[in-house]
Amino acid sequence: MLEHLHIENIALIKSLDLDLPDGFNVLTGETGAGKSIIIDSIGLVIGERASKELIKSGEEKARVEASFCIDKNEEAKAFLISMDIESDDHIIVSRELSASGKSTCRIEGVPVGISVLKEFTSYLIDIHGQHEHQSLLSPAKHIMYLDAFAGDDIFTYKNKTALLASEYKAAKEKLDSEFLPEDERMRRIDILKFQVNEIDSLKLEDGEEERLEDEQKLLSNSEAIMSGFTVAHDLISDRDDSVLDTLNFAIRELDRIAGLSPVYDEVINKLREAYYALQDVSYTVRDIRDDLDSDPMRLDYIGSRLYAINGLKRKYGKNIAEILAFRDKASAELDMLMSADEQRDELIVRISKLKEEYFESASELSERRKRSAERIEKAVVEILKELGMKNASFEVRFGKSESISPSGIDKIEFYISTNKGETPKALSKVVSGGEMSRIMLALKTITADADSIDTMVFDEIDTGISGRVSMAVGENMAITARNKQILCITHSPQIAACASNHFVVEKMETQDSTVTTARMLSIEERPKVIASIMSGEGESKLAIQHASELINQCAARIKEALE
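Be aware that the sequence shown starts at 1209, since it is given in our numbering, and climbs by one per residue.
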């Protein structure tokens, strides 16, 4: 619901604030007072085309801000969530227009593009008249109006059809995303088999590469190692003047003075310890020398093995651990693809069954819609006759879609003929702004409970209609306003008399300029203003009396219609 409207520097409006109650609101005023400026301002804030010519003379920019209550509007809330815009149940939408032609749109202070603004506000408000923002012009919306009218009669099948369409779509997406086409699957299986077999053929062990590299290093240097350990062993123990023999000779010489001094004894003991330690080293050097084996065949094998491992590393990973991890992953994918035939066949059977069930449900839904279409055609024509379109005929035409959609197989479009004997044509091609408004009013009257758009704005709905028809228009608006907020610009006293809230738009001249203002009338002021609309004699007691009688008559008729 539109709760508040702030207009700044638009045409004749310097600054205007309107607090709009729910229910049926009318705006009246003399021609040229600025009523259309208010409607144009609402059009701006919901994304209609803007011109810098709208900016008040002498000003650099203009601004319109609208506050909406969306506490029960789930579509609007879902849209805000999808756009990551935080809000509560009250939201502010604004648009600023600069003299340079730049337009800035915001939702809750967040800058958005004009298309985003237009889409969001399409969930909040409809303008009917000479405006582009009319949901009735879109055939895509017609099925929504028909379904809203059909109500419980199609509820079960509509939900079932939507659910089956959703399940079908999910199953198809799973088939396309998780299962490859057969030729591609076989190519993938061949690749994976080759990769797994290539890795398995080497029978790799984690850490093997490091061990082989260490062994290769030793075997590659076996001659130098053999020579080094042989010479070392000779010097330590094999020669006549070996280190051990020399050290043993020194110990024997010092043994002759053993016991003469603790210091001497300590030296002798350390030399003896050194002898035994060196003797152990000699044994180790000998054992290493004796165990050394140049083994060129082993060296060739290690070289070939490391070459093969490096070949796998270039393809599958930086080391053996990564290669083995790649192998496990490839093997798992291979197992899945090898068993995919059965799973894929099961899914294809499920998709076929879902498709069959969908078209069965959608066909039943279509039949029920067609029965509802006959009723809505009669109901709309009946209301249109009351609204002054006595020769109108209204048709709901069905086309068929072969695609699977949550809304079913029906392509629905409203057709109308406004004159006797004319062939009905598509709604968007044949009606004027005033006629469109009355058609929308008729549809809203019979579908108001189910429509999520809370606010309707009617401009020029009284164009070319009589007082009797205007009374019927006003009554229907009042009935619709039980569940919706209606804002209507009118020159009709009958429509104004049916409203629950009456705003008067006035043009005031100051010393330097002319400005437009608007205010809500009190109960006492309404008869005088309506009298002025009726006869131009707002001060005449008789005219005021007639206006009061009209207000009371409208109230009684509306009360009777609602009972």
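By construction, the Cβ of each residue, glycine as well, lies at the ideal position given by its N, Cα and C atoms. A quick note: this is a predicted structure, and the numbers were derived from the prediction, not measured.
For the beta strand (DSSP E) containing residue i, list its first residue and its last residue.
i: Y1623; result: D1618 to S1625
i: H1710; result: N1709 to E1717
i: R1605; result: S1601 to K1608
i: F1216; result: It is Glu, not Phe, that sits at residue 1216 in the sequence shown. Residues L1210 to I1218.
i: E1387; result: The sequence given here places Phe at residue 1387; Glu does not occur at that position. First-last for F1387: undefined, no H or E at that position.
i: M1664; result: T1663 to D1667
i: E1273; result: K1269 to C1277
i: L1224; result: I1221 to D1227
i: D1334; result: I1333 to H1336
So, at 7 Å on beta carbons, what are the nonlocal neighbours of residue i in its own chain, with the 5 sequence-adjacent residues on each side left out?
i: E1541; result: L1400
i: L1420; result: I1510, R1513 and L1514
i: P1229; result: N1709
i: S1450; result: L1443 and I1444
i: R1734; result: H1710 and I1759
i: A1379; result: L1555, R1558, I1559 and L1562
i: P1632; result: S1601, E1603, Y1623, I1624 and S1625
i: L1288; result: S1295
i: S1374; result: P1614
i: C1277; result: M1209, E1211, D1297 and H1298
i: I1351; result: S1615, D1618 and I1620
Which two residues bound the contiguous alpha helix (DSSP H) that contains residue i?
i: A1529; result: I1528 to M1546
i: S1435; result: S1430 to H1441
i: M1685; result: G1675 to T1688
i: H1699; result: H1699 -> no alpha helix (DSSP H), and no H or E assigned at all.
i: K1285; result: E1282 to S1290
i: I1736; result: In the sequence on display, residue 1736 carries Lys and not Ile. Note, K1736: alpha helix (DSSP H), R1734 to S1743.
i: T1454; result: V1451 to D1463
i: N1518; result: P1504 to Y1524
i: T1198; result: Because the chain is modelled from 1209 through 1771, residue 1198 falls outside the range shown and cannot be assessed.
i: I1731; result: Taken as a continuous stretch (DSSP letters only), I1731 belongs to no alpha helix (DSSP H), as it is neither H nor E.
i: R1303; result: Where R1303 is concerned, there is no enclosing alpha helix (DSSP H), although the beta strand (DSSP E) it sits in stretches over H1298 to S1306.
i: I1245; result: K1243 to V1253
Assuming residue i and residue j form a contact by the criterion Cβ under 8 Å, report the distance between their Cβ atoms to the nearest whole angstrom.
i: K1222; j: L1235; result: Incorrect: roughly 18 Å between the Cβ atoms, too far for contact.
i: A1284; j: L1213; result: Rounded, the Cβ-Cβ distance is 18 Å, inconsistent with contact.
i: D1334; j: I1661; result: 5 Å
i: Y1483; j: I1459; result: 6 Å
i: E1316; j: I1299; result: 6 Å
i: S1580; j: A1286; result: About 27 Å; that fails the 8 Å criterion.
i: S1700; j: D1720; result: With 8 Å as the limit, S1700 and D1720 do not qualify as a contact, their Cβ atoms being about 35 Å apart.
i: L1455; j: L1426; result: Actually they do not touch by this definition, with Cβ atoms about 31 Å apart.
i: V1677; j: L1770; result: That pair is no contact at about 20 Å.
Just tell me which of the options has its CA closest to the CA of residue i.
i: K1652; options: A1751, K1349, T1312 and L1228; result: K1349
i: I1703; options: I1215, A1356, K1608 and I1687; result: I1687
i: I1251; options: M1664, N1233, I1738 and T1631; result: Per the sequence shown, residue 1251 should be read as Gly rather than Ile. Cα-wise, what sits closest to G1251 is M1664.
i: A1763; options: T1718, A1680 and D1463; result: A1680
i: V1604; options: M1209, K1561, Y1353 and E1256; result: Y1353
i: A1755; options: K1628, K1767 and I1741; result: I1741
i: V1318; options: V1301, S1311 and T1329; result: V1301
i: A1634; options: P1347, E1294, S1311 and I1218; result: P1347
i: I1362; options: E1621, A1570 and I1278; result: A1570
i: R1646; options: M1546, S1374 and V1588; result: V1588
i: M1209; options: R1676, L1695, L1412 and M1648; result: L1695
i: A1538; options: D1446, E1594, Y1524 and D1384; result: Y1524
i: A1650; options: G1682, K1310 and S1636; result: G1682
i: G1309; options: I1496, E1261, M1716 and A1432; result: E1261
i: L1344; options: E1474, E1621 and R1690; result: E1621
i: M1728; options: E1211, N1233 and I1215; result: N1233
i: S1674; options: I1612, M1597 and T1655; result: M1597
i: N1627; options: E1643, S1613 and A1356; result: E1643
i: H1441; options: E1610, R1552 and R1497; result: R1497
i: E1183; options: P1504, Q1403 and R1447; result: Residue numbering for the chain in the displayed model covers 1209 to 1771; residue 1183 lies beyond these limits and cannot be assessed.
i: F1567; options: D1292, L1507 and D1618; result: D1618
Apart from the five residues on each side of it in sequence, which residues of its chain come closer than 8 Å, Cβ to Cβ, to residue i?
i: V1713; result: L1235, T1236, G1237, A1241, G1242, K1243, I1246, T1724, T1725 and A1726
i: K1779; result: Summary: the structure shown does not reach residue 1779, with the chain confined to residues 1209 through 1771, and so no result is reported for it.
i: V1843; result: Since the first residue of the chain shown is 1209 and the last is 1771, residue 1843 is not available in this structure.
i: L1545; result: L1388, R1393, R1396, I1397 and L1400
i: I1654; result: F1357, I1584, A1587, V1588 and I1591
Can you find the residues in the same chain that come closer than 6 Å, C-beta to C-beta, to residue i, ignoring five residues on each side of it along the sequence?
i: H1339; result: Confidence at H1339 is low in this model, with a pLDDT of 48, below 50, so the placement of that residue is unreliable and no value is reported for it.
i: L1325; result: G1255 and C1313
i: I1752; result: P1735, K1736 and A1739
i: E1757; result: none
i: S1748; result: none
i: D1384; result: none
contact_flag[the segment 1519-1535, the segment 1405-1416] where n(CB pairs < 8 Å) is 3 or more: Segments in contact, yes.
Sufficient close CB pairs (3 or more, under 8 Å) joining the segment 1568-1577 to the segment 1361-1369: Counting C-beta pairs closer than 8 Å gives three or more between the segment 1568-1577 and the segment 1361-1369, which meets the contact rule.
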